[in-house]
Amino acid sequence: MKAWGYGKGYEYAHDSEDKIAGMECLPERLRGRRYYFPTEEGFEKRMGERIEQIEKTRESLRNKDK
2 MKAWGYGKGY EYAHDSEDKI AGMECLPERL RGRRYYFPTE EGFEKRMGER IEQIEKTRES
62 LRNKDK
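Residue numbers (the working numbering): 2 to 67.
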């Protein structure tokens with residue numbers, strides 16, 4: 002399978018130090034959509050901060066590859 006290019010370009014997030022991959026896995030028509038909007042209360046505030054951190058890291062990884 003590897004000889005046929007299967008898995009080429011795949012980034013396994015758990016191999017990176019921060020456990021975040023820069024690759025896009027969603028189909029084009031779903032990219033950029035958000036379905037969860039955390040509030041500023043309780044645990045959701047922490048979730049929102051983590052989501053923001055992940056988005057920034059992914060963006061920097063994508064820009065690095067260009």
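Glycine included, C-beta positions come from ideal geometry on N, C-alpha and C.
Check: In this structure, does DSSP put E41 in helix, strand or coil?
Finding: coil
Notebook entry, point to check: Expressed to the nearest angstrom, what Euclidean distance is found between the alpha-carbon atoms of P39 and T58?
Noted result: 19 Å
Next item on the list: Could you check the C-alpha separation between A4 and Y11 for me, to the nearest Å?
Entry: 15 Å
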